[in-house]
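Have a look at the structure below, then the notes.
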Amino acid sequence: MAISRNNLLAAALIAPLFAVVVASFIVPLAVTLWTAIGNPEVRETLPRTTAALRGWNGEGLPSEAAFAAVAAELAQAHEAQAIGQLSRRLNFEEAGLRALLLKTARAKDRLSAPYRDALVALDPRWGETSLWQILARNTAALTPLYLLRSLDLSLTPDGKIVAAPADEAIFLALFARTFVISFWVTILCVLIGYPVAYTLSTLSTRWANIGMALVLVPFWTSILVRTTAWFILLQREGPVNALLLGLGVVDAPITMIFTRFAVYIAMVHVLLPFVVLPLYSVMKGINPAYLRAAASLGAPPWKRFIRVYLPLTMPGVAAGGLMVFMLAVGFYITPVLVGGPEDQMVSYFIAFFTNQTINWGMAAALACLLLAMTAILVVVARLIVPGFRLGGVSA
Amino acid sequence: MHDPIVTFERVTKSYDGRTLVVEALDLTLARGEFLTLLGPSGSGKTTTLMMLAGFEDPTSGTITLDGKRLNHVPAHRRGIGMVFQNYALFPHMTVAENLVFPLEMHGVPKAEIEPKVKRALDMVRLPQLRDRKPGQLSGGQQQRVAVARALVYGPKLVLMDEPLGALDKQLREELQLEIKHLHDELGVTIVYVTHDQSEALTMSDRIAVFHQGRVQQLATPADLYERPANAFVASFIGENNRFDGTLVGRDGANCRVRLPDGSEIAATIEADLAPGAAVAVSIRPERVAVGAQAQRDNRFVGDLREVIYLGDHCKLRLAVAGNESFVVKVAAGDAATTLDRGSALAVAWDAAACRALPPLA
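Residue numbers (the working numbering), protein chains in the order written: chain A, 1 to 395; chain B, 1001 to 1361.
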């Protein structure tokens, strides 16, 4: 009795947390995944066509009923202003289908039975098996097309997976670029952050607080402000070039803005605190007796570092590096502002598909693949990097 | 000293340039001896050890090891083993890896490493734990491994900085004897720092008592106890009853001390003090006789305040001649232990058992 009341109380106490986790994490993730594979357009806009195509074997042309249904439903969709979504969706399957669908919808009054002949007369494409194969395929509730396109693959009308045409095959290179940039940003952050954190950890409390404030002030500044600052600094006529010219280091201004170099500088600057903070806390927790012990056992300074200090600080390197990598993988505004077209990362295309082409399926597919690839990389890193623990401090 | 291994000559250490943590220290360490630096916290004993280990530099003065000046020789080139208070075993290495570390650092050939590790683990009786991580060991096991690690590459000198401080009493006493036996077997020179006087008495060949940055006395355990150089040493080593008074008469080693209440005590004296000097008289609790028939050189009647039962013996606390906590040790069955509080009780002791000491050197 008392136990069940306690259990109820415990459940009630964690319920808000549970609700927040579900609402802010599990639901969006599920919706995103669903958006990446969901395929509602044909089913919802053309229900009778969907029914009529159910019996078709995919060879030759479907029955007259299917032609009649598609002609009527396209016209209805046009009146209900629902044809935009459908035509956009099918145009994504094959370029040019949007025009065909709109043309057919507008031709409603000129069409009469038998519809097969009428439609083929309107546009010979209605007489092609491949068009009907595409329609039939998209009567299914789920589609692999977004995920396939995100991996530079495509589907033929009869359902074979093939390599996407070269001008559309940009996504594998995009993922590779995203991970390469994130990898080097992580390496640079660790290389720069490690000595910073070490220095801070050896200072007296007073100076450590001042140093920590210097690390944190940029951290408290909006990422947009920091990136914009680099945007200004790295201009052709900007202060950095002015300084270099003034010092006589260079004869002509160097192009820095809209380069990979600018992306690295700005991203490292933005992400540095995320590696300094966990490293600092790990370094603070290392008993100086370990290093004294190593010295008394005959280890010169660099061996004390390699054999004792570095392994003991690895949990901090792993936690900080992981955090930087995860954040870098999702970076958007910094590459957009200071990078060139060849420096854009996955997030840029997620935004592009969300805002420009309203192709939520592609945006969701890219997001899901990015998440999956990052997860795989982290698992692999855990397996091959010694002392690597997910954000934790090992004993 | 016929074969010194370490000497401190006029070694002074100050962190801020004003307060001296260690003041003009002269100390010579014989090869193979077990020397304990004993003192309360802040007395300079640990700083002395750290200067010898190479983790602190003396402000002035010279430290030599085997006749070579150690100033500016970094810790890792001194070849001195060290055991730390909190063991300082590398947590990311197994027990065996911890022992391999100093061997590798000293360039021991690969083929000799494994036998040495095995011997060291056998020495501290932990061969079965070689593949454990330090976090999986008990405090006593960790400390044994730390001792093995400090000894495994065969240093001539091993320093121990309160190595047993974190252990419970029983384990501490067990390990005290183990370390002492290792010292006897290996013939290694050990400098041991502790604030625990019974630990120092158990283990040491000689003890240096530190107070306020100075060595108050350097002597064998028996000499420290029987012939303390001053009142600080007398009170720090063992239990002690103290009377502050003035030296009023002296005849060689015999003297008389007048207490503030006017009574006088007959005592022995070694210090170079003339009548009129302030002295502290020290009497060990076990050297005092109690009861009406007790007849000695000094006899007082005290006021019984408390009887403390300790199993094999009892302690009586009395007020005697202005000293409100005069302690006497008696056998558990002694008649005096049955007396009520407030009873008058005679106490007596010989002049030979009580020493007039300089209050502090």
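Yeah, the Cβ is synthetic: ideal placement off N, Cα and C, and Gly gets one too.
Worksheet item: Does any residue of chain A bring its CB to less than 8 Å from the CB of B/Ile1080?
Response: Among the CB atoms of chain A, one or more fall inside 8 Å of the CB of B/Ile1080.
Item to complete: Taking only runs that begin and end inside the stretch 250-309 of chain A, name each unbroken alpha helix (DSSP H) of 4 or more residues, in chain order.
Response: Along the stretch 250-309 of chain A, the alpha helix (DSSP H) occurs as fully enclosed runs of 4 or more residues at 260-284, 288-296, 301-304, listed in sequence order.
Practice prompt. Name the residue from A/Thr227, A/Gln344, A/Asp152, A/Leu17 whose alpha carbon lies nearest to the alpha carbon of A/His269.
Written response: Among A/Thr227, A/Gln344, A/Asp152, A/Leu17, the Cα nearest to that of A/His269 is on A/Thr227.
Practice prompt. Please classify B/Gly1308: does DSSP put it in a helix, a strand, or coil?
Written response: The residue you asked about is not Gly; residue 1308 of chain B is Ile in the sequence shown. Residue state, collapsed to three classes: strand.
Fill in: For A/Pro195, the nearest candidate out of A/Glu237, A/Trp56, A/Val275, A/Trp132 (CA to CA)
Nearest of A/Glu237, A/Trp56, A/Val275, A/Trp132 to A/Pro195, Cα basis: A/Val275.
Worksheet item: If B/His1211 and B/Ser1043 are in contact, beta carbons under 8 Å, what's the gap, nearest whole angstrom?
Response: That belief holds up - the Cβ atoms of B/His1211 and B/Ser1043 are roughly 5 Å apart, short of 8 Å.
Worksheet item: Closest Cβ-Cβ distance between B/Arg1149 and chain A: below 8 Å?
Response: Residue-level contact by beta carbon holds for B/Arg1149 and chain A, with a gap shorter than 8 Å.
Practice prompt. Would you verify that the beta carbon of B/Asn1071 is, or is not, closer than 8 Å to some beta carbon of chain A?
Written response: The beta carbon of B/Asn1071 sits no closer than 8 Å to any beta carbon of chain A.
Practice prompt. Let me know the secondary structure DSSP gives A/Thr354 once reduced to three states.
Written response: In the three-state reduction of the DSSP assignment, A/Thr354 falls in the helix class, which pools H, G and I.
Worksheet item: Residues bridged to B/Pro1004 by DSSP?
Response: Within the DSSP secondary-structure output, B/Pro1004 pairs in a beta bridge with B/Ala1030.
Worksheet item: How is A/Ala56 classed by DSSP in three states: helix, strand or coil?
Response: The question names Ala, but residue 56 of chain A in the sequence shown is Trp. Three-state result, A/Trp56: coil.
Worksheet item: Cβ of B/Phe1101 less than 8 Å from any chain A Cβ?
Response: Interface residue, yes.
Item to complete: Evaluate the contact criterion for the stretch 1267-1287 of chain B versus the stretch 1336-1355 of chain B: three or more CB pairs, one atom per stretch, below 8 Å.
Response: Yes, the stretch 1267-1287 of chain B touches the stretch 1336-1355 of chain B.
Discussion item. Check for me: the alpha helix (DSSP H) holding B/Tyr1192 runs from which residue to which?
Written reply: Counted as a single uninterrupted DSSP element, the stretch harbouring B/Tyr1192 is not any alpha helix (DSSP H) but the beta strand (DSSP E) occupying residues 1189-1194.
Practice prompt. Please state if the CB of A/Val338 and the CB of A/Ile257 are separated by a distance shorter than 8 Å.
Written response: Between A/Ile257 and A/Val338, the CB-CB gap stays under 8 Å.
Worksheet item: Would you report the Cα separation of A/Pro341 and A/Ile26, rounded to the nearest angstrom?
Response: Going by the C-alpha atoms only, they are around 34 Å apart.
Item to complete: Count the other C-beta atoms from every protein chain shown that fall within 10 angstroms of the C-beta of B/Pro1228, then say buried if there are 16 or more, exposed otherwise.
Response: In summary, B/Pro1228 is buried, with 16 or more beta-carbon neighbours lying within 10 Å of its beta-carbon over all protein chains present.
Worksheet item: What residues in the stretch 301-327 of chain A have a beta carbon less than 9 Å from any beta carbon of chain B?
Response: For the stretch 301-327 of chain A, which is checked against every Cβ of chain B, the residues closer than 9 Å are Pro301, Lys303, Arg304, Arg307, Val308, Pro311, Leu312, Met314.
Item to complete: Alpha carbon to alpha carbon, how far is B/Asp1066 from B/Asp1003? Give it in angstroms, no decimals.
Response: Computed Cα separation, rounded: 9 Å.
Worksheet item: Which residues does DSSP pair with B/Met1160 in a beta bridge?
Response: For B/Met1160, DSSP records a beta bridge to B/Val1083, B/Tyr1192.
Fill in: Span separating the alpha-carbon of A/His78 from that of A/Trp230
Counting only the Cα atoms, A/Trp230 lies some 49 Å from A/His78.
Worksheet entry | Three-state secondary structure (DSSP) of A/Ile210 | Looking at A/Ile210 - three-state DSSP - the assignment turns out to be helix.
Worksheet item: Excluding five sequence neighbours on each side, which residues of the same chain lie with their C-beta closer than 7 Å to the C-beta of A/Leu279?
Response: So the list reads Gly193, Tyr194, Ala197, Thr313, Gly316, Val317, Gly320, once near-sequence residues are dropped.
Worksheet entry | CB contact flag (B/Ala1219, B/Arg1206, <8 Å) | Pairing B/Ala1219 with B/Arg1206 gives a Cβ-Cβ distance under 8 Å.
Worksheet item: Going by beta carbon distance, what residues of the same chain come within less than 6 Å of B/Thr1007, once the five residues before and after it are set aside?
Response: Only Thr1028, Thr1064 meet the Cβ criterion.
Practice prompt. Examine chain A for any beta-carbon lying closer than 8 Å to the beta-carbon of B/Ala1353, and answer yes or no.
Written response: No, B/Ala1353 lies away from the interface with chain A (no Cβ there is under 8 Å from its Cβ).
Item to complete: Can you give me the Cβ contacts of B/Ala1289 inside the same chain, cut-off strictly under 8 Å, excluding the 5 residues immediately before and after it?
Response: Hits under 8 Å: Arg1296, Val1347, Ala1348, Trp1349.
Practice prompt. Label B/Gln1142 either buried or exposed according to how many other C-beta atoms from any shown protein chain fall within 10 Å of its C-beta, with 16 as the threshold for buried.
Written response: Around the C-beta of B/Gln1142, 16 or more other C-beta atoms lie within 10 Å, and the residue is accordingly described as buried.
Discussion item. To the nearest angstrom, how far is the alpha carbon of A/Asn406 from that of A/Leu224?
Written reply: An answer regarding residue 406 of chain A cannot be provided, because it is not within the stretch 1 to 395 covered by chain A.
Fill in: Inter-residue Cα distance where the pair is B/Arg1299 and B/Ala1319
The alpha-carbon atoms of B/Arg1299 and B/Ala1319 are separated by roughly 14 Å.
Discussion item. Output needed for A/Ala136: all residues of its chain with C-beta closer than 7 Å, excluding positions within five of it in sequence on either side, in chain order.
Written reply: Within the same chain, and ignoring the five residues on either side of A/Ala136 in sequence, the residues whose Cβ sits closer than 7 Å to its Cβ are Leu53, Trp56, Gly58.
Worksheet item: Got a sec: which bits of the stretch 1082-1094 of chain B sit with their beta carbon under 7 Å from any beta carbon on chain A, in order along the chain?
Response: Within the stretch 1082-1094 of chain B, the residues whose Cβ lies closer than 7 Å to some Cβ of chain A are Met1082, Phe1084, Asn1086, Ala1088, Phe1090, Pro1091, His1092, listed in chain order.
Worksheet item: Hey, how far is the Cα of A/Leu322 from the Cα of A/Thr186?
Response: Distance between A/Leu322 and A/Thr186, taken at the CA atoms: about 8 Å.
Practice prompt. Closer than 7 Å by C-beta to A/Met212: which residues in its own chain qualify, once you throw out the five before and the five after it? Chain order, please.
Written response: Here the set comprises Leu200.
Fill in: Within chain A, partners of B/Ala1219 - CB distance below 8 Å
In chain order: nothing, as chain A lies at least about 28 Å away.
Practice prompt. Could you spell out where the alpha helix (DSSP H) holding A/Phe175 opens and where it closes?
Written response: In this chain, the alpha helix (DSSP H) harbouring A/Phe175 covers 171-202.
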